Structure formats: structure tokens, C-alpha cells
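The number in my numbering is simply the position in the sequence shown, starting from 1, with 7 added. Cβ coordinates follow ideal geometry from the N, Cα and C atoms, glycine included. Just so you know, these numbers come straight off a predicted model, no measurement behind them.
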Amino acid sequence: MNKIDIEVSEVGPRDGLQSISQIMSTESKKRWIEALALAGIPEIEVGSFVPARIFPQLADTMEIAKFAKTIEGLKVAALVPNLKGAENAILAGVDKLTIPLSVSETHSMRNVNRTHDQMLDEVKRIVELIRDLPIDERPLIEGALSTAFGCTIEGSISEDRVVELAEALMEAGCSEVGLSDTTGYANPVQVKRLIGKVWDAIGRDHLTGIHLHNTRGQGLANVLAAVEVGLTTVDSSMGGIGGCPAAPGASGNIVTEDLVFLLEAMGLKTGIDFDKLLDARDVVARALPDVELYGFTPNAGLPLGSSLA
Ligand code: ZN
8 MNKIDIEVSE
18 VGPRDGLQSI
28 SQIMSTESKK
38 RWIEALALAG
48 IPEIEVGSFV
58 PARIFPQLAD
68 TMEIAKFAKT
78 IEGLKVAALV
88 PNLKGAENAI
98 LAGVDKLTIP
108 LSVSETHSMR
118 NVNRTHDQML
128 DEVKRIVELI
138 RDLPIDERPL
148 IEGALSTAFG
158 CTIEGSISED
168 RVVELAEALM
178 EAGCSEVGLS
188 DTTGYANPVQ
198 VKRLIGKVWD
208 AIGRDHLTGI
218 HLHNTRGQGL
228 ANVLAAVEVG
238 LTTVDSSMGG
248 IGGCPAAPGA
258 SGNIVTEDLV
268 FLLEAMGLKT
278 GIDFDKLLDA
288 RDVVARALPD
298 VELYGFTPNA
308 GLPLGSSLA
């Protein structure tokens, strides 16, 4: 495989689908994931191991994760909010568990009904579970610091608190941490500053990725800031599905198609074939006919002479 500069991690099957009311069929999800992998997407967050009553859209995560694991070379990630979820993710054989820890404790209480200390205890239990596995079967554990750039309930979030929690997650046994702009509050200056502070505390190797939303249209500017300082993994969602009820017209996650165009146009290799990426977008468009797909590049087309064409 050719060298990749930036790894695009597709989170649409989890973050995108959990944010819309329409349920994508299990068959369509499989065709979508297959098409994404065929386009060269190296990592896909395929679902969330939560009770079906919370997210009926993701009730088939076990089946989807097992299916995704049959695709050669694909890194399969899943969100796990608790020990039970981790047990299921391990059963499915996923490569990476993402455990969300909301820096806003109010958000954490509303979302998972747990304080920071309770979530960190849960992380420790998950780490113990994984350490019982043979070394070659242990998934990576990412502690995802959500609401790291601001919270819709608490407002601004203390950067010192983000750093403290990043340290606590590493002490609890995570392989790495990630920064999530859950609310679309981030700006590029803040992105650079916060990455620097977290790196100073836990080392560059333990923070390599960022999860951005485009709620206020700042998503790609924030990507540029993150890759300029040296992050190497960026989360995005095909068609930016998910949207934001509070901001009509705003996409949810940053749009995979526009992200790939941005990176490649700047000479950063993603290993992704743009035409095949559009094939994957067609799968989503057909499976979710009532859901708006965002993205400028798919609508405008690639510029004449683009290296992606
Ligand atoms: Zn998100």
C-alpha cells in the first residue's frame, strides 16, 4: 500500500446514523461499509455497543462489526460507553474501542448518567478486561474527550480540565486519547492551542486524532489547524449526515468527501479513490432517501486537472 499522510476515520455508521431518526437496514449498512473500504477508507467506526432502546438505529452493531471484521485490512472501531459494551465489542473482535468521556461533567451526567470519577472507574474495568486477553487479541482503547472545545450546557470548557482528564485517561490505561468537538464550538486557534497543551502533558504519540463537527461551518478550518500542527487522524462522516437540529443547514460531522478533497488538494495522501467514495455516497443516498446529504465537492465535482480525478 502507498504511504498515507492522513488517516480518514469514517464515523458515519455510528455518529451519523445515531443522529437521524430513520433506521438504515442492516443490509444497506453492510453495502455502505464495503463500499467505503473499497474506496480506501482505512478505519470505520461501525456502531455503538449501547442498548437498542437508547439507539434503535444501532441495534445491529454486533452483526455489523462482525461483518466489517471480514473485510481485509480494514480497521474496525466501535463506541463503547461501559463495560457491557466493551464485552460485546471484544466478542465482535473490533480493533479499537472508543470510550467517550465528556469534559463537561453536566453533559456526562445527562448523556451517560455518570460523573468523571465513575467514568474513569469504568475505563479501568474495561482496561482490566482487555489485559486478560492474549496480547495479539487486545483492541486499542481510545479515551475520547467529548465537549473538549465547549458544551451546549456548560458553555466554555476549561482547557486545564481537558488536560487533567487526558492524563487521567492515560493513567487509567487507555492507549491514546482523542479530542472531540461534539458541539461544533471549536475554532482553529483553540484547536492548535489545546493539542499543544495535551501533547505537553501526555506526549505526542498519545494524541493523534481529532473528531470535528461542522455545526458552525468551522470544520475544515479546524482540520487545517490540526494537520498543520501534526495530527494524523481525522474523523468525518459521509455526506456529513446527522445534521444539527439547533442549526438548520449545518451538517453533523465534517463531510468525508470534502475532507478528502481538502487533504489531497494540499498534497496530503489519504489513500482514498474519490470516484469510489462517490459510489459509497450513492449507497447512502439510496438507503436514506429522506436524509439530506451535505458536501460541496460531490455537488460541484472535482476541479479540472485535479489529481483525484
Ligand atoms: Zn460526534
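DSSP beta-bridge partners of Gly308 = Looking at the DSSP assignment, Gly308 forms no beta bridge with any residue, so it has no partner.
Nearest candidate by alpha-carbon position, reference Glu50, set Leu311, Leu152, Gly274 and Thr263 = Of the candidates Leu311, Leu152, Gly274 and Thr263, the one whose C-alpha sits nearest the C-alpha of Glu50 is Thr263.
query = Hey, out of Met245, Leu270 and Leu266, whose CA is closest to Ala42's CA?
reply = Scanning Met245, Leu270 and Leu266 for the CA closest to the CA of Ala42 turns up Met245.
query = To which residues of the same chain is Leu186 closer than 6 Å at the C-beta, ignoring the five residues directly before and after it?
reply = In its chain, beyond the 5 residues on either side, Leu152, Ala155 and Ile217 have a beta carbon closer than 6 Å to the beta carbon of Leu186.
ask   = When burial is assigned at 16 or more other CB atoms within 10 Å of the CB, is Glu135 buried or exposed?
value = Exposed: under 16 other Cβ atoms inside 10 Å.
request  = Provide the residue(s) that pair with Asp143 in DSSP beta bridges, ordered along the chain.
outcome  = According to DSSP, which records beta bridges pairwise, Asp143 is partnered with nothing at all.
message = By the three-class DSSP mapping on this structure, what secondary structure does Lys82 have?
response = If DSSP states are grouped into helix, strand and coil, Lys82 belongs with the strands.
task = Using the Cα positions of Ile202 and Ser26, report the straight-line distance between them to the nearest angstrom.
result = Cα-Cα distance, rounded: 27 Å.
ask   = Going by Cα to Cα distance, which pick from Val15, Thr159, Gln125 and Arg145 is closest to Gly191?
value = Each of Val15, Thr159, Gln125 and Arg145 was checked against the Cα of Gly191, and the nearest Cα belongs to Thr159.
key: For Gly246, the three-state DSSP class (helix, strand or coil)   = Helix.
query = Nearest CA to the CA of Asp48: which residue from Asp139, Pro305, Glu14 and Met69?
reply = Just to set this straight, residue 48 is Ile in the shown sequence, not Asp. Taking Ile48 as reference, the option from Asp139, Pro305, Glu14 and Met69 with the minimal CA-CA separation is Glu14.
message = Taking 6 Å as the limit between beta carbons, can you name the residues of its chain near Asp188, skipping five residues before and five after?
response = Cβ neighbours of Asp188 beyond the five flanking positions: Phe156, Leu219 and His220.
DSSP-derived helix/strand/coil call for Thr326 = There is no way to answer for residue 326, as the model of the chain reaches only from 8 to 316.
Exposure label - Ser314; buried when at least 16 CB within 10 Å = Ser314 is exposed by the Cβ-count criterion.
query = What residue does the alpha helix (DSSP H) around Ser313 start on, and which one ends it?
reply = Where Ser313 is concerned, there is no enclosing alpha helix (DSSP H), because DSSP gives it neither an H nor an E.
ask   = With a Cβ-Cβ cutoff of 7 Å, do Lys204 and Ala46 count as a contact?
value = Contact flag unset, no.
query = For Gly19, does the count of other Cβ atoms within 10 angstroms reach 16, so buried, or fall short, so exposed?
reply = Buried, since its Cβ has 16 or more Cβ neighbours within 10 Å.
ask   = If you run the structure through DSSP and keep just helix, strand and coil, what is Val119?
value = Three-state result, Val119: helix.
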